[in-house]
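Visitor: Take this structure, written in structure tokens, and hold onto it; I'll ask about it next.
Structural data, given as structure tokens:
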């Protein structure tokens, strides 16, 4: 299969950031010929000794072989290499799948000169096809020799892990820990089978900060809750969702042991912000997306209840097609609130599209202007806001519209 | 809005049954000009004195005003008239909505010569617009005068309640109770915002059998579980879902008090069968449907678990688009099993498309023929079967594929 020449999402950023080097990280990409032709499909990331790893993974009951591998490797927690391939998810591949990750780890460990359980592996692409891991032979050793830390290497890394993505997803932040400047770079890929929990299929974050394993894991898990766990494209949860954080410790700050240490406040804020940016980029590149949608729910009985209602709205095919049709169809928002099964009182509901209140007290807003609402719906970014009028619980999630493009991409993915 | 001239679903029955008269039931339709022009939009059903009513309704937390009305009226349980309109759901219409059902009941009660709480009301169509119930004035009285019991009246009834449906949905059965022949007629409409529980937006079943209120309610609730609660089009639950059973008692059988009375065995079987036929017709007319899909799950830890997994598969946009693309993409079935959150062991899973086993023991079936699977996918009716290999729980649900037609219909519904 050659990757389909899809036009870039209209919601793509107009420019991509140049990512600065992160001390202790070097990257290289290659064409291993896993599935695609004429494009890179392998990313190798070399990590200096002392790098700590943290990870958050799909909650699918049928996770991919690489997810199983990473979960096991995290028991060690030391990291020297990350290998990511696109084109084949190595999911639901049984014994062959386990053999493929083991072989990948062996090849990478030999190339990087580390232990096999210091290698992390992620795969994305088609499910159920055996992964020909022997194709990494030679390729990864070559990557080790070529690995770079410049901006071009980061951009190439983000491109190599794309599947149906129409643009590479990169973000960078700076922070200080105890007076020492640290950097955080992140890359991610979508673009379908995107739902909490986890949302993105693959995202990798790298920092030169020195963090304990516990602090890294806690920061990542907390950050995921308000970012990747708040984005949905189609409500379908991947078998392969992987979010990892690698901290090389090369910035020179004194290692911080606990995530709630005040010394990490600035770092945590920067990390959270970067995770949100990456998560939003995934929604902006949702398959077939023409509109970026923010759903905000307030006045719920609890934050958790608000979150479930927001996801019910964001996952509703009828709401998403209405947005695609630029139709301020708030009746479908009512429907989605009602079907969430959460506490709601029809007669206290209020609904806004952008800043136009279209419904209040359980009925159409008497002063509602169809024209003003239509203006909102024509924009590339649409906010849907619901106030339940019951309590103080709130949540916000991001999604995109549901268009014929989604059907086109997914009705003809394998062939 | 004029109703869109959509071609009839390719999954429609080739012929529609002629429904026989049901003693005690007379029907008439009219054009009240609620929303559509050039087509009927009101159904009036006159019910002879002594008719008992039973109902099962949406579990939405934001039900429509007619659903609230019917739930209240069922406390009485005696029925003399049913009024159904299409074009406007009278949902999320606040005080105006309550006034509209009250006015409808008043007009119908005067026309039929009965009490207002003997009138049942259902509405389907757009949400959030006030229903101009005053347009029923004169119309319903005229219907009372014109009501018929012939086959044409039944077909017209099924047509008057359609919204985005492309064909009328009718079914009929016969049974005996204690040696007395009884008839059961049913009509239903879909065709989007279809998900358990309930599945169909509106379905009405009429019988001349004499049943106690308790027996009627129990039979209907049980029957709904294995029919309408097993069909999904888009996972979106309507605010208006209504399934009602009216039993006139005019067949002359001795009234049966309890649903589990052996005298009702044949009637129950016939009713269940009719409900399944109607539910399947709803899936066959799912918005944009080109394929009718049966999902069977076996080997689950319980029937309830199997049901949730089957719905996860049937509601997955990625599975549904794969079916639309005639792609035997069983990896997406694995994904949908995994995301259901129910007990599942990846390495025991087996998956079939039709009679072609494509996966076994957590990997591709070694003897799997892509060609044979493709043959199955090209048919208009596709069965997806999953064996979890864990226990004896099983379930089956019906759905349809997800096509560009769905997007087209729903991206431009209100305008």
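Chains as they are written, first to last, in the numbering used here: chain R, 1 to 415; chain E, 416 to 830. For every residue, glycine included, the Cβ atom is placed at its ideal position computed from N, Cα and C.
Short check: CB of residue 140 of chain R to CB of residue 36 of chain R, under 8 Å?
Guide: Taking 8 Å as the Cβ cut-off, residue 140 of chain R and residue 36 of chain R do not qualify as a contacting pair.
Visitor: Check each candidate in E:784, E:754, E:745 and name the one with the smallest Cα separation from residue 765 of chain E.
Guide: Among E:784, E:754, E:745, the Cα nearest to that of residue 765 of chain E belongs to E:745.
Visitor: Can you give the Cα-Cα distance for residue 75 of chain R and residue 135 of chain R, rounded to whole angstroms?
Guide: Cα to Cα, the separation comes out at about 28 Å.
Visitor: Which runs of the alpha helix (DSSP H) spanning at least 4 residues fall entirely within the segment 664 to 741 of chain E, listed in chain order?
Guide: Here the runs fully enclosed are 680 to 699, 718 to 730, 732 to 739.
Visitor: Strictly below 8 Å CB to CB, what residues from chain E border residue 266 of chain R?
Guide: The premise fails here: residue 266 of chain R is roughly 36 Å from chain E at the closest Cβ pair, so nothing lies under 8 Å.
Visitor: Could you tell me the distance, in whole angstroms, from the CA atom of residue 260 of chain R to the CA atom of residue 253 of chain R?
Guide: One C-alpha to the other measures close to 16 Å.
Visitor: Determine the direct distance from the alpha carbon of residue 287 of chain R to that of residue 8 of chain R, and round the result to whole angstroms.
Guide: Each residue's Cα considered, the two are about 11 Å apart.
Visitor: Taking only the alpha-carbon atoms, compute the straight-line gap between residue 416 of chain R and residue 187 of chain R and give it to the nearest angstrom.
Guide: Absent from the structure is residue 416 of chain R, since the part of chain R shown begins at 1 and ends at 415.
Visitor: When burial is assigned at 16 or more other CB atoms within 10 Å of the CB, is residue 487 of chain E buried or exposed?
Guide: So residue 487 of chain E ends up on the exposed side.
Visitor: What's the call for residue 241 of chain R, buried or exposed, on a 16-neighbour Cβ count within 10 Å?
Guide: Result: buried.
Visitor: With 8 Å set as the bound, which would you pick, yes or no: does the beta-carbon of residue 88 of chain R sit closer than that to a beta-carbon of chain E?
Guide: No, because no Cβ of chain E sits closer than 8 Å to the Cβ of residue 88 of chain R.
Visitor: I want to see whether chain R comes within less than 8 Å of residue 732 of chain E, judged by CB atoms only; does it?
Guide: Closer than 8 Å to some Cβ of chain R, the Cβ of residue 732 of chain E qualifies, so yes.
Visitor: Can the beta-carbon of residue 310 of chain R be found closer than 8 Å to that of residue 397 of chain R?
Guide: Yes, Cβ-Cβ distance for residue 310 of chain R and residue 397 of chain R is below 8 Å.
Visitor: Residues in the same chain with beta-carbon distance under 7 Å from residue 168 of chain R, minus the five sequence neighbours each way, listed in chain order, please.
Guide: Closer than 7 Å at Cβ, skipping near neighbours: 16, 155, 158, 159, 162.
Visitor: Indicate whether at least one CB of chain R lies closer than 8 Å to the CB of residue 792 of chain E.
Guide: So no, residue 792 of chain E is outside the interface.
Visitor: Of the residues that make up the segment 631 to 650 of chain E, which ones have a beta carbon closer than 8 Å to any beta carbon in chain R?
Guide: The segment 631 to 650 of chain E vs chain R, Cβ under 8 Å: 649, 650.
Visitor: Give me the Cβ distance between residue 320 of chain R and residue 208 of chain R, rounded to the nearest whole Å; I'm assuming they're in contact under 8 Å.
Guide: The pair is not a contact, with the Cβ atoms about 40 Å apart (cut-off 8 Å).
Visitor: So residue 387 of chain R is in the beta strand (DSSP E); what residue range does that whole segment cover?
Guide: Element bounds for residue 387 of chain R: 381 to 387.
Visitor: Quick check: the Cα distance between residue 565 of chain E and residue 461 of chain E, rounded to an integer number of angstroms?
Guide: Cα to Cα, the separation comes out at about 13 Å.
Visitor: Check residue 365 of chain E in the structure and name its three-state DSSP category.
Guide: Residue 365 of chain E is absent from the model: chain E starts at 416 and stops at 830.
Visitor: Between which residues of its own chain and residue 245 of chain R is the CB-CB distance below 6 Å, once the five residues before and five after are set aside?
Guide: The answer, listed in chain order, is 54, 205, 216, 220.
Visitor: What residues from chain R crowd round residue 767 of chain E, counting only those whose CB sits closer than 7 Å?
Guide: Residues of chain R passing the Cβ test: none, with the nearest at roughly 14 Å.
Visitor: Distance check for residue 438 of chain E and residue 567 of chain E, CA to CA, integer angstroms please.
Guide: In a straight line, the C-alpha of residue 567 of chain E is about 16 Å away from that of residue 438 of chain E.
Visitor: Apply the 10 Å Cβ neighbour rule to residue 20 of chain R and answer buried if 16 or more other Cβ atoms are within range, or exposed otherwise.
Guide: Counting Cβ neighbours within 10 Å, residue 20 of chain R comes out exposed, since fewer than 16 surround it.
Visitor: Quick check: the Cα distance between residue 125 of chain R and residue 88 of chain R, rounded to an integer number of angstroms?
Guide: Spanning the two alpha carbons is a distance of roughly 4 Å.
Visitor: Given that residue 752 of chain E touches chain R, what residues does it touch there, using C-beta distances under 9 Å?
Guide: Within chain R, the residues near residue 752 of chain E are 60, 61, 62.
Visitor: Taking residue 652 of chain E as the query, report the chain R residues whose CB atoms sit under 8 Å from its CB, ordered along the chain.
Guide: Result: 335, 338, 339.
Visitor: Would you mind working out which of E:467, E:687, E:598, E:677 sits nearest residue 641 of chain E, comparing C-alpha positions?
Guide: The shortest C-alpha separation from residue 641 of chain E is found at E:687.
Visitor: Give the straight-line distance between the Cα atoms of residue 581 of chain E and residue 364 of chain R, rounded to the nearest whole angstrom.
Guide: Taking the straight line joining both Cα atoms gives about 30 Å.
Visitor: Is there at least one Cβ from chain R nearer than 8 Å to residue 661 of chain E's Cβ?
Guide: Not one chain R Cβ lies under 8 Å of residue 661 of chain E.
Visitor: Please list, in chain order, the residues of the segment 118 to 129 of chain R that have any C-beta partner in chain E closer than 9 Å.
Guide: Result list: 126, 127, 128, 129.
Visitor: Give every residue of the same chain whose Cβ lies closer than 6 Å to the Cβ of residue 213 of chain R, excluding the five residues on either side of it in the sequence, and list them in chain order.
Guide: Closer than 6 Å at the Cβ level, and outside the excluded window around residue 213 of chain R, lie 52, 77.
Visitor: Which of the three DSSP states is assigned to residue 824 of chain E in this structure?
Guide: Helix at residue 824 of chain E.
Visitor: So which residues of chain E does residue 390 of chain R contact, with C-beta pairs closer than 7 Å?
Guide: Within 7 Å Cβ-Cβ: nothing; residue 390 of chain R doesn't reach chain E, min ~11 Å.
Visitor: I need the straight-line Cα distance from residue 104 of chain R to residue 542 of chain E, nearest angstrom please.
Guide: Distance between the alpha carbons of residue 104 of chain R and residue 542 of chain E: 55 Å.
Visitor: Determine the direct distance from the alpha carbon of residue 705 of chain E to that of residue 113 of chain R, and round the result to whole angstroms.
Guide: Distance between the alpha carbons of residue 113 of chain R and residue 705 of chain E is about 55 Å.
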